[in-house]
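S.K.: Its first residue numbered 230, the sequence shown is counted upward by one per residue in the working numbering. Using N, Cα and C, we set each Cβ at its ideal position, and we do this for glycine too.
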Amino acid sequence: MFYLSVGLVAVMLVAAVAVARSLLGADVAFGVAILGLGAWLIYQLWHIRALAQWVKDFRGSPVPRGSGNWQVLFGDIARLVRAYERQREQLSSAIDNFRKATEAMPDGVVALDDHQQISYANARAQLHLGLQMPQDAGLSIRHLLRDPRFLDYLNLPAAIANQRSIALTDTPIAGRTLQIQRVPYGQAEELLITRDISPMVRLETTRRDFVANVSHELKTPLTVIGGFIETLLDHDFAPEQQRQVLQTMGQQAARMQALVEDLLVLSRLETEDKPLDEAPLEIGSLLERLLAEARLLSRERHTIGLANEAQPEGEILADFQEIASALGNLVSNAVRYTPEGGRIELGWSWREGSEGRQGVFWVRDTGPGIEPQHIDRITERFYRVDKGRSRDSGGTGLGLAIVKHIVERHSARLEVSSAVGRGSTFSVVFPAQRTVV
Ligand code: ADP
């Protein structure tokens, strides 16, 4: 097509020159040739200029229109441009989707080029590693994260690093543990996956502490019993002495039994998803029962009674067994920690909350009180303010942990207020939806 049209123009020009020469002479023919070539040149230059101008700003303006060969050429270019734009749109929507997908991921993702320079980091990775995009794009990850363990990990060959991960505790978010893994892709590019594993680490530490605590709690009475058995085997004791030794062994066995029982209760509460056996529970008789328990435990060493301001009428919806055991635990603590001659008061009141009438049970004692720094921790398993006093009074260190579980199962909350040397008040606040109207 191209050669055909160029040939056609040349033939037409030669024919015009030949005709001019035969009709008008050589000079005119020469003039015609010059004019023809000039016009042809101007035609070409005009199109070249249009092309050059379009190339300069080929995204902003449409492909120029032309005639003849140029029309064909511009048509081809326009088609190429359309195909290119389509591909560009597809590519940018693919990149957009990739970004959206990585942003939605619960893990941090950093894309590194073949020089371990950052090409992309999702929001979570920026948070985990303290990166700032787009400012940090193109920077080496080594210059931004200088933990020696991380640098050693970066130095590993990609194939080995992919099989491993490292846990970093010295991270931009204080108190958090990050797991980092390199995943190679493409030619020599890599993804750096970051994951916040702090909850798992905390759980593992709690589990380890718990096992260590249980072992320790069981070891002491077992050692005592073992020691006494040896002594009994090796020596002859008078019946009275023997009775005393057996009594101490019995106390230690009871301590172990109490511990195992509390552990079973706690494990049932933590593992079983047993629904509450709810029924209306009459406050008056609940308080009577708790007062009777307190008096039995106290053996007349304390003054025990209902608080003057108590409003022991009404009902709440609760699991009787669980609530009686939780509130009984609070009452038993008050008796156990209050020295002889002290006063213990039980009470119930109704408060107007934002969502209706809340019921509040409380037990107030004149015991040693609890220093503020311990209050938030006393519901932790095996946390004791005074270890000796707890053990001497038969405590397992699990009572309040059990209370907290039961209280939370009832959507209620435990409140503790205390003044050292003056006493403590433990309250359980039941939400309005537990009030029977
Ligand atoms: P324990 O079996 O040791 O009593 P708890 O979980 O019931 O375990 O209580 C945890 C700790 O809270 C106790 O060791 C004790 O130091 C403190 N505590 C609980 N109740 C009282 C109270 N009424 N007065 C003072 N301290 C208390």
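How is the beta strand (DSSP E) around P509 delimited, first residue to last?
M.R.: Where P509 is concerned, the enclosing beta strand (DSSP E) stretches over E507 to E511.
S.K.: Around the Cβ of Y313, are there at least 16 other Cβ atoms within 10 angstroms (buried) or fewer (exposed)?
M.R.: It is exposed - the Cβ of Y313 has fewer than 16 other Cβ atoms within 10 Å.
S.K.: S348 and L341 - do their beta-carbons sit closer together than 9 Å?
M.R.: Cβ distance < 9 Å, so L341 and S348 count as in contact.
S.K.: At what residue ranges does the region 475-561 contain a whole run of the alpha helix (DSSP H), taking only runs of 4 or more?
M.R.: Listed in chain order, the complete alpha helix (DSSP H) runs (minimum 4 residues) inside the region 475-561 are 512-527.
S.K.: Can you check whether the CB of V489 is closer than 9 Å to the CB of A555?
M.R.: Not closer than 9 Å, so no.
S.K.: Compute every distance between the C-beta of N562 and the non-hydrogen atoms of the ligand ADP, then say whether any falls below 8 Å.
M.R.: Yes, the Cβ of N562 comes within 8 Å of a heavy atom of the ligand ADP.
S.K.: Under 9 Å, do I599 and S656 count as touching if we go by C-beta distance?
M.R.: The answer is no: Cβ separation not under 9 Å.
S.K.: Hey, how far is the Cα of Q346 from the Cα of L385?
M.R.: Answer to the nearest angstrom: the Cα atoms are 16 Å apart.
S.K.: Would you call the CB atoms of L451 and Q481 closer than 9 Å?
M.R.: Yes; because the gap between Cβ atoms is below 9 Å, this pair is in contact.
S.K.: Thinking just about the alpha-carbon of each residue, which of L447, R424 and W579 is nearest to the one in Q540?
M.R.: Closest by alpha carbon: W579.
S.K.: Using a threshold of 8 Å, is the CB atom of P597 nearer than that to any non-hydrogen atom of the ligand ADP?
M.R.: For the ligand ADP, at least one heavy atom lies less than 8 Å from the Cβ of P597.
S.K.: In three-state DSSP terms, what is R424?
M.R.: Three-state result, R424: strand.
S.K.: I need the straight-line Cα distance from R315 to A350, nearest angstrom please.
M.R.: For R315 and A350, the distance between alpha carbons rounds to 27 Å.
S.K.: With distance defined between alpha-carbon atoms, name the residue in I631, I389, F327 and V284 nearest to L498.
M.R.: Among I631, I389, F327 and V284, the Cα nearest to that of L498 is on I631.
S.K.: With DSSP run on the structure shown, which of helix, strand or coil describes F466?
M.R.: Note: F466 maps to coil in three-state DSSP.
S.K.: Does the Cβ of D365 lie closer than 8 Å to at least one heavy atom of the ligand ADP?
M.R.: Result no, Cβ not under 8 Å from the ligand ADP.
S.K.: Taking 8 Å as the cut-off, does the CB of G624 come closer than this to any heavy atom belonging to the ligand ADP?
M.R.: Result yes, Cβ under 8 Å from the ligand ADP.
S.K.: Does the distance from the C-beta atom of V443 to that of L492 stay below 9 Å?
M.R.: Against a cut-off of 9 Å, the Cβ pair of L492 and V443 comes out as a contact.
S.K.: So which of T595, H639 and E644 has the shortest CA-CA distance to D605?
M.R.: Answer by Cα proximity: E644.
S.K.: Are L237 and L266 close, meaning C-beta to C-beta below 9 Å?
M.R.: Contact: no.
S.K.: Once you ignore the five residues that flank A366 on each side, which residues in its own chain have a CB closer than 6 Å to its CB?
M.R.: For A366, where only same-chain residues beyond five positions count, the Cβ hits under 6 Å are I347.
S.K.: Does T434 pass the burial test, meaning 16 or more other C-beta atoms within 10 Å, or should it be called exposed?
M.R.: The residue is exposed, with fewer than 16 neighbouring Cβ atoms inside 10 Å.
S.K.: Starting from P413, follow its DSSP beta bridges and name the residues at the other end.
M.R.: P413 pairs with E419.
S.K.: In whole angstroms, what separates the C-alpha of R288 from that of V257?
M.R.: Cα-Cα distance, rounded: 47 Å.
S.K.: Would you check if the distance between the CB atom of R393 and the CB atom of Q416 is smaller than 9 Å?
M.R.: No, the Cβ-Cβ distance between R393 and Q416 is not below 9 Å.
S.K.: Pull the bridge partners of S653 from the DSSP assignment, please.
M.R.: Per DSSP, S647.
S.K.: Report the residue from T331, G359 and P413 whose alpha carbon sits nearest the alpha carbon of L407.
M.R.: Answer by Cα proximity: G359.
S.K.: What is the residue span of the beta strand (DSSP E) that Y349 lies within?
M.R.: That run of the beta strand (DSSP E) goes I347 to A350.
S.K.: Given 8 Å as the limit, tell me if S653 has its C-beta closer than that to any heavy atom belonging to the ligand ADP.
M.R.: The answer is yes for S653.
S.K.: Within the region 565-618, note down every full beta strand (DSSP E) run reaching 3 residues or more, in order along the chain.
M.R.: Counting only runs of 3 or more, we get 572-582 and 585-594.
S.K.: Using the Cα positions of V666 and Y566, report the straight-line distance between them to the nearest angstrom.
M.R.: C-alpha separation (whole angstroms): 36 Å.
S.K.: Just checking my contact of A536 with R593 at CB under 8 Å: how many whole Å lie between their CB atoms?
M.R.: About 7 Å; that satisfies the 8 Å criterion.
S.K.: Taking the alpha carbon of G570 as the point to measure from, which residue in R524, E538, R353 and R610 has its own alpha carbon closest?
M.R.: The candidate whose alpha carbon is nearest that of G570 is R524.
S.K.: Our contact map puts L520 next to V564 with C-beta atoms below 8 Å; I'd like the distance itself, whole angstroms only.
M.R.: So it is not a contact: roughly 11 Å between Cβ atoms.
S.K.: Can T460 and V474 be called in contact, C-beta distance under 9 Å?
M.R.: Yes. Within cutoff.
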